[in-house]
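Note sheet for the following structure.
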DNA sequence: AATATATATGGAATCGATTGCATTAGGGGC
DNA sequence: GCCCCTAATGCAATCGATTCCATATATATT
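Residue numbers (the numbering used here), protein chains in the order written: chain A, 649 to 978; chain E, 649 to 978.
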């Protein structure tokens, strides 16, 4: 690869002048600029990003942390992030935390060494107090997951509303025995906590007492959903509806229900969360909460780049719309 | 961040000695080594990867090109690649080609500037003649997709066998009117071509003439599958079975069949390809060809790192097993 | 005409590591 | 006691860019 010195030599100018041309600095005569541009062209020169990086320039690389890329919600998010980043000339480094605190921190360390300019966290495993110190090495933007103080730029959805809409819909369908299922723990913070609040609010408004036996925590996969259905079948007093924290769990429930000849929604109404492609594939099709993944990814990249290129930009929280999509499972 | 000079100063040694300790060179006395290690510990020092990179060291970053990350086949592949890379201390840069030649090349360019040590291509859009020149800047490994000469390290499956198994299975079920559906074009190369060969071989062995009206090319999504079913419905002479190039297309066919009260497999038997999670979610569950994504990703990383750390390693092709999984759709 | 200001240009230091070469101190062989 | 070799160490160059500072010229201001 040609270096800046090669260009300098060929064009008969100094490295300084070449660098000025590259970076569009003022005070370069038109004549020399053209000489330099011609030499660059001739050599097929592109500046070495590593060298620039060492000088403390931007790396044009953004890191993204997801819990698991195979979860369609996150692969859709990564998809929109990558596309938006590419359009702006940025690269995307991904890491899966697998919900592991140590791995999350290992990845945040890339900020320290200027391996990435900023990191988009789509999930938070460590406490914010642990993560916060890293913000001084680079921009950390929270997308999807969030903390309950305005400490970092955030792109989020009104999770409380999401859960509220789902539960209210079940109530309106006449259900009183409603089970609730969440990915986190019941006393979680951030996203999980807000969903729980929405659940509680809707139940309270409908004057229904929450039955703790119908609360399932830490549920994520199709497999988890299948197990939930089996547990419900074993209950003397069964719920007539269930709100799940994810389409995958809902899918597991529906699939297992079929095995046991339970009719959905007659015997059990099911609400998912995410509006993943499987929601339309399931039979019956899944009523679920739609999160605009594409918008979230795009907006995250836009805000991130704005913050990087203009560090004095004010830190803000952006809230995107969240909606209930009624299909056949309720 | 602490630099090597800080460590040198604190330990009272030269940068050279510190560097020797970091890189485990011989000729450092035990006494000084410990002094240096203590200083490193105290300062929380980690070498700056950017600076190392500039000196021509490895970047410990691997690039991965996928067509679309939202395709579960590829997100599973990326998942296993990322996990394996993390275990070896490597980072993963991803790019989606979206089947776009220019974007594929843009990403290959990262090799030139030593932004990545090597690239794992899970799909090939440009002709190999265009890609080949990039191999001199870094390692290019083909995983999943491949070319028909042994020009690069490849991790592949016997695609011919995959298609052959699927078609043969349909033949054994008594089908004679078999439709065939592929992601590429019918005269493709690499993966697509080999699948076509398997199809042709199985048909020939069963003495069935291929009906060109039952060949569908360039099909990828659930939506495509739905359209295919509608086209079949409009035919006077309908196939009784269809082999699809992907579970997604198969899903579209099954979903749309349900809309038109067509029974599967009675009216139309369907074979997918990939064994994605939806294969088990669909009703009826999908008979499909299982590709070991996890093994492929893991093996790719292993071979890649071997080639990077030991450049004289011989270029080889690795073939992994491919199997038919019979479920309810046939 | 003298001075201030804007425009152009290049030399050399710098970022944080690695490494070739030179130097020194000991140990062994004769 | 002299020579040679090995082990241990550090100086300074290097990777490929950016940027501070000095300098030179042209133009504007008094």
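A virtual CB, placed ideally from N, CA and C, is assigned to each residue, including glycine.
*When the cut-off is 8 Å and only beta carbons count, does residue 701/E lie next to chain A?*
yes
*For residue 967/A, write down the residues that DSSP places opposite it in a beta bridge.*
804/A
*How would you call residue 871/E, buried or exposed, if buried means at least 16 neighbouring beta carbons within 10 angstroms?*
exposed
*Counting Cβ pairs closer than 8 Å, one from the segment 710-726 of chain A and one from the segment 685-699 of chain E, do we hit at least three?*
no
*Under a CB-based cut-off of 8 Å, is residue 773/E close to chain A?*
no
_Run through chain A and tell me which residues come within less than 8 Å of residue 763/E, C-beta to C-beta._
697, 698 and 739
*Beta-carbon proximity list for residue 868/E, same chain, < 6 Å, skipping 5 on both sides*: 831
*Tell me whether the beta-carbon of residue 889/E lies closer than 8 Å to the beta-carbon of residue 873/E.*
no
*Using DSSP bridges, identify the partner residues of residue 972/A.*
937/A
*Please say whether residue 708/E and residue 739/E have beta carbons closer to each other than 8 Å?*
yes
*Can you give the Cα-Cα distance for residue 986/E and residue 920/E, rounded to whole angstroms?*
Since the first residue of chain E shown is 649 and the last is 978, residue 986/E is not available in this structure.
*Would you call the segment 673-689 of chain A and the segment 674-688 of chain E touching, i.e. three or more CB-CB distances under 8 Å?*
no
*Applying a beta-carbon distance threshold of less than 9 Å, which residues of chain A neighbour residue 980/E?*
As shown, chain E starts at 649 and ends at 978. That puts residue 980/E outside it, with no answer to give.
*Just checking, does the segment 907-921 of chain E make contact with the segment 957-966 of chain E on the three C-beta pairs under 8 Å criterion?*
no
*Residues bridged to residue 711/A [DSSP beta-bridge criterion]*: 741/A and 767/A
*Residues of chain E with CB under 8 Å from residue 717/A, in chain order?*
717, 723, 726, 727 and 730
*Using 10 angstroms around the beta-carbon of residue 693/E, count the other beta-carbons present and answer buried if the total reaches 16, otherwise exposed.*
buried
*Residue environment, residue 842/E, which counts as buried when at least 16 other CB atoms sit within 10 Å*: buried
*Can you find at least 3 beta carbon pairs, one from the segment 766-783 of chain A and one from the segment 781-801 of chain E, that sit closer than 8 Å?*
no
*Quick one: is residue 840/E buried, meaning 16 or more other Cβ sit within 10 Å of its Cβ, or exposed?*
buried
*List the residues that DSSP assigns as beta-bridge partners of residue 656/E.*
Partner(s): none; residue 656/E has no beta bridge.
_Inter-stretch contact (C-beta, 8 Å, three-pair minimum) for the segment 808-826 of chain E and the segment 664-679 of chain A_ = no
*asked:* Looking only at its chain, what residues have a beta carbon closer than 6 Å to the beta carbon of residue 949/A, apart from the 5 residues adjacent to it on each side?
replied: 729, 732 and 733
*Can you check whether the CB of residue 975/A is closer than 8 Å to the CB of residue 927/A?*
yes
*How is the alpha helix (DSSP H) around residue 759/A delimited, first residue to last?*
749-760
*Name, please, each residue of chain A whose Cβ falls closer than 9 Å to the Cβ of residue 743/E.*
730, 734, 739 and 740
*Which residue from 788/A, 668/A and 792/A puts its Cα closest to that of residue 940/A?*
792/A
_I need the straight-line Cα distance from residue 747/E to residue 778/E, nearest angstrom please._
15 Å
*Limits of the alpha helix (DSSP H) - the one that residue 927/A falls within*: 926-929
*Any beta-carbon of chain E closer than 8 Å to the one on residue 892/A?*
no
*Test: residue 870/E CB closer than 8 Å to a CB of chain A*: yes
*Could you list the residues in the segment 891-922 of chain A with a C-beta less than 8 Å from some C-beta on chain E, going in chain order?*
899, 903 and 906
*Listing by chain order, which chain A residues have their CB less than 7 Å from the CB of residue 930/E?*
929
*Starting from residue 897/E and walking both ways along the alpha helix (DSSP H), at which residues does that stretch end?*
895-907
*Shorter than 8 Å from the beta carbon of residue 781/A to some beta carbon of chain E?*
no
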